[in-house]
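Taking it in order: structure first as C-alpha cells, then the write-up.
2 protein chains.
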Amino acid sequence: MPRNREVVHRRLQQAALELFLERGYDQTTTAEIAARAGVTQRTFFRHFTDKRDTLFGQEIRLQTALVDAVAHAPPHLTPVQMILFALQAVEAIFVEQRAFIEPRYAVIAATPALNERELTKTTALTGLLASALEQRGITREIATLAAQASMAACNYAMTAWLADSSVQLRIHFDRAFTELSRLFSKSLPEL
Amino acid sequence: MPRNREVVHRRLQQAALELFLERGYDQTTTAEIAARAGVTQRTFFRHFTDKRDTLFGQEIRLQTALVDAVAHAPPHLTPVQMILFALQAVEAIFVEQRAFIEPRYAVIAATPALNERELTKTTALTGLLASALEQRGITREIATLAAQASMAACNYAMTAWLADSSVQLRIHFDRAFTELSRLFSKSLPEL
Numbered sequence: 001m002p003r004n005r006e007v008v009h010r011r012l013q014q015a016a017l018e019l020f021l022e023r024g025y026d027q028t029t030t031a032e033i034a035a036r037a038g039v040t041q042r043t044f045f046r047h048f049t050d051k052r053d054t055l056f057g058q059e060i061r062l063q064t065a066l067v068d069a070v071a072h073a074p075p076h077l078t079p080v081q082m083i084l085f086a087l088q089a090v091e092a093i094f095v096e097q098r099a100f101i102e103p104r105y106a107v108i109a110a111t112p113a114l115n116e117r118e119l120t121k122t123t124a125l126t127g128l129l130a131s132a133l134e135q136r137g138i139t140r141e142i143a144t145l146a147a148q149a150s151m152a153a154c155n156y157a158m159t160a161w162l163a164d165s166s167v168q169l170r171i172h173f174d175r176a177f178t179e180l181s182r183l184f185s186k187s188l189p190e191l
Numbered sequence: 192m193p194r195n196r197e198v199v200h201r202r203l204q205q206a207a208l209e210l211f212l213e214r215g216y217d218q219t220t221t222a223e224i225a226a227r228a229g230v231t232q233r234t235f236f237r238h239f240t241d242k243r244d245t246l247f248g249q250e251i252r253l254q255t256a257l258v259d260a261v262a263h264a265p266p267h268l269t270p271v272q273m274i275l276f277a278l279q280a281v282e283a284i285f286v287e288q289r290a291f292i293e294p295r296y297a298v299i300a301a302t303p304a305l306n307e308r309e310l311t312k313t314t315a316l317t318g319l320l321a322s323a324l325e326q327r328g329i330t331r332e333i334a335t336l337a338a339q340a341s342m343a344a345c346n347y348a349m350t351a352w353l354a355d356s357s358v359q360l361r362i363h364f365d366r367a368f369t370e371l372s373r374l375f376s377k378s379l380p381e382l
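Listed below in C-alpha cells is the structure:
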C-alpha cells in the first residue's frame with residue numbers, strides 16, 4: 001500500500017474501533033466511521049467492503065503470510081518448529097497492528113455475532129496451518145495436533161506481549177512454546 | 192435416567208440423526224423425529240427442548256462431569272495431568288455416546304449454523320476447564336494454555352478412537368498427551 005493510502009486505512013480502522021467501543025458495533029454506520037476519520041464514505045468503501053471488514057480485513061494478510069512461511073520453513077525443522085518459525089516470520093504484521101489488538105478484542109467480546117465469526121476465522125486459520133504442514137509431508141492427524149496446540153501457545157504469547165511489549169513478540173513466542181513443552185513434559189501417570 | 196426413559200431418549204437421538212443426514216437439518220421437524228422414533232411429539236418434548244437439543248443436550252452433562260473431575264483431581268498432579276485425569280474420568284460418557292459421535296459430526300459439518308454453535312460450545316468448555324484449573328491454584332495464563340492445548344490432544348485422541356475402538360479411549364487419551372509432549376519436546380531453535 002502507498003504510504004498515504006496506508007495512513008487513511010489505519011485512520012479508518014481507528015475511527016471504527018473508537019465508535020464501536022463508544023456506541024456499540026450494531027449502532028455504528030459506515031457514514032459515521034468515514035466522518036470520524038475525516039474522509040468521504042466513498043473513500044471508506046475504497047478501503048473496506050463494510051464495517052465488519054475494518055475488524056477482519058487484516059486476517060487474510062496474516063493467514064497468507066503464515067501459510068507461506070510454513071511452506072518455506074527449513075526442512076530440518078519439526079512440525080511445531082515450523083509453526084514457531086512461521087509465527088516469528090509474521091511478527092511485523094502483529095507489531096504493525098499492536099495498537100488495534102486490544103480494542104478489537106474488546107469490541108468482538110461485546111458482540112456475540114462477531115465472537116462467532118472470530119472463532120470461525122481462528123478455526124479456519126488453524127486448519128490452514130495444519131494443511132500447510134501436511135504439504136510438508138506431516139500426517140493429517142499430527143499436523144492438526146501440532147497446529148491446534150501451537151495456536152494455544154500463540155494465544156499465550158499474545159496475552160503476554162500485550163501485557164509486556166518491552167519484550168519482543170518473537171521472544172514471547174519462544175517462551176510460550178517452551179512453556180507448553182514444559183507443561184506437557186512431566187511424565188504422565190498411569191491411572 | 193430410568194432404563195426405559197433412557198431407551199426412548201437414545202431412540203429419539205438416533206431418529207433425529209438419521210433424518211438430519213437423510214434430508215438435512217433444516218428440513219427436519221420434531222414431528223418427523225417423534226414419528227421415526229415411534230413416539231408422540233409430546234414425548235419428544237419430554238426429552239428435548241427442540242431439534243437442536245438432540246445434538247447438543249449431552250454437552251452439559253459432559254461439561255459438568257469434566258469440571259467436577261478437575262475439582263477433585265489428586266493435588267500432586269500438574270495442570271495437564273489434572274485435565275488428562277478428568278478426561279479419563281468421563282470416559283464412560285464418551286463410550287456411551289460412541290455410536291452418535293460420527294453421524295453427529297457429519298450433521299454439524301454440513302450445517303454452518305450448527306458448526307458455529309459447536310465452536311462456541313467447545314470454546315466455552317475450554318474456558319470452564321481453565322477456570323477449574325484456576326480454582327486449583329493455577330494462574331489464569333497457564334490454566335488457559337494447559338486447557339487449550341489439552342483440547343487439541345483430546346481431539347487427536349477422539350479421532351484415533353473413532354478409527355480404532357479396539358483400544359480403550361483412556362489409552363488413546365494417554366497416547367495423545369504423550370504425542371503432544373513429544374511434538375513440543377524438541378529443543379526449539381533460536382531464529
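Protein sequences appear in the order of chains H and L.
By the numbering used here, the letter at position 5 of the first sequence is numbered 5, and the numbering carries on one by one without gaps.
By the numbering used here, the letter at position 75 of the second sequence is numbered 266, and the numbering carries on one by one without gaps.
Built from N, CA and C at the ideal position, the CB exists for glycine as well.
Given the structure is predicted, the values throughout are model-derived calculations rather than measurements.
Identity of the residue in H/S131, H/T40, H/G127, H/D53 nearest H/Q13 by Cα: H/D53
Below 9 Å between beta carbons: does that hold for L/I333 and L/L324? yes
Could you please tell me which residues of the segment 98-128 of chain H, in chain order, have their CB closer than 8 Å to any CB of chain L? N115, E116, L119, T120, T123
To test your reading of the DSSP string, which unbroken alpha helix (DSSP H) runs of 4 or more residues are found completely within the segment 53-126 of chain H? 53-71, 79-89, 91-110
Have a look at H/L162 and H/E102 and give me their C-alpha separation to the nearest angstrom. 8 Å
Under the three-state reduction of DSSP, which class applies to L/R237: helix, strand or coil? helix
Rounded to whole angstroms, what's the CA-CA distance from H/F45 to L/R295? Just pull it up for me. 41 Å
Compare the C-beta of H/Q135 against all C-beta atoms of chain L and say whether one is closer than 9 Å. no
Residues near H/Y25 in its chain [Cβ-Cβ closer than 8 Å; skip 5 each side]: K51, V107, A110, T111, L114
Contacts of L/N346 in chain H (Cβ-Cβ under 8 Å): T144, L145, Q148
Considering only their Cβ atoms, is the gap separating L/L278 from L/S341 smaller than 9 Å? yes
Quick one: grab the DSSP three-state call for L/V358. coil
Can you give the Cα-Cα distance for H/R182 and L/L310, rounded to whole angstroms? 28 Å
DSSP three-state label for H/L191, please. Residue placement at H/L191 is flagged as unreliable, the pLDDT there being 43, under the threshold of 50; the coordinate-derived value follows with that caveat. Three-state result, H/L191: coil.
Does H/E6 pass the burial test, meaning 16 or more other C-beta atoms within 10 Å, or should it be called exposed? exposed
Please list, in chain order, the chain H residues whose beta carbon lies closer than 8 Å to that of L/P270. L183
Short CB-CB distance (under 9 Å) between L/T219 and chain H: no
Measuring straight from C-alpha to C-alpha, what distance separates L/A256 and H/A146? 27 Å
Which listed residue (H/R11, H/T29, H/A124) has its alpha carbon closest to that of H/V39: H/R11
Please compile the residues from chain L whose C-beta is within a distance smaller than 7 Å of the C-beta of H/T159. E332
Closest Cβ-Cβ distance between H/L191 and chain L: below 9 Å? Low confidence applies to H/L191: its pLDDT is 43, below 50, so where it sits in the model is not reliable enough to give any reading.
Using only alpha-carbon positions, find the residue among L/H200, L/E209, L/A225, L/V271 that is nearest to L/I329. L/V271
Beta-carbon separation of H/A16 and H/T28 under 9 Å? yes
Quick check on H/R136: does DSSP put it in helix, strand or coil? coil
Taking 9 Å as the CB-CB limit, is L/A262 close to chain H? no
Quick one: using the 10 Å Cβ neighbour count with 16 as the cut-off for buried, is L/E213 buried or exposed? exposed
Is there a Cβ from chain L that is less than 9 Å from the Cβ of H/E179? yes
Which residue comes first and which comes last in the alpha helix (DSSP H) that contains L/C199? Per the sequence presented here, residue 199 of chain L reads as Val, with Cys not at that position. Taken as a continuous stretch (DSSP letters only), the alpha helix (DSSP H) holding L/V199 covers 194-214.
Please classify H/R175: does DSSP put it in a helix, a strand, or coil? helix
Rounded to a whole number of angstroms, what is the C-alpha to C-alpha distance between H/R98 and H/Q58? 12 Å
Check whether H/Q135 and H/V70 have beta carbons under 9 Å apart: yes
Measuring only the C-alpha atoms, how far is H/V167 from H/R3? 28 Å
Figure out for me which residue from H/T159, H/T144, H/A157 has the closest Cα to the Cα of L/A348. H/T144
Could you confirm whether any beta carbon from chain H is found closer than 9 Å to the beta carbon of L/A343? yes
Examine chain H for any beta-carbon lying closer than 9 Å to the beta-carbon of L/A226, and answer yes or no. no
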